[in-house]
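In the working numbering, the protein residues as written are 461 to 525. These notes are about the structure you will find just below.
Following this line, the structure appears as structure tokens:
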């Protein structure tokens, strides 16, 4: 399992509930639309496709956008 910091896009916010259910993410969200999530190794290809399609942005570790 890999810990990843993400920022939700406007597009992603509209589908956040579905995405959280798919990957088992917590519903926690900062005021800046950021979350720390754990992604299972077997889910990484689908997670990366979700990022590629613009629902999320992966943030550098320890830094805020």
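Glycine included, every Cβ here is placed at the ideal spot set by N, Cα and C.
Could you check where the alpha helix (DSSP H) with residue 504 kicks off and where it finishes? That run of the alpha helix (DSSP H) goes 504 to 512.
Give me the residue from 471, 507 and 461 with the minimum Cα distance to residue 493. Comparing Cα-Cα distances from residue 493 to each of 471, 507 and 461, the minimum goes to 471.
Please state the DSSP three-state secondary structure of residue 495. Reduced to three states, the DSSP call for residue 495 is strand.
Consult DSSP for residue 475 and reduce its assignment to one of helix, strand or coil. Looking at residue 475 - three-state DSSP - the assignment turns out to be coil, as it is neither helix nor strand.
Where DSSP assigns a beta bridge to residue 465, which residues make up the other side? For residue 465, which the question treats as bridged, DSSP gives the partners 496 and 519.
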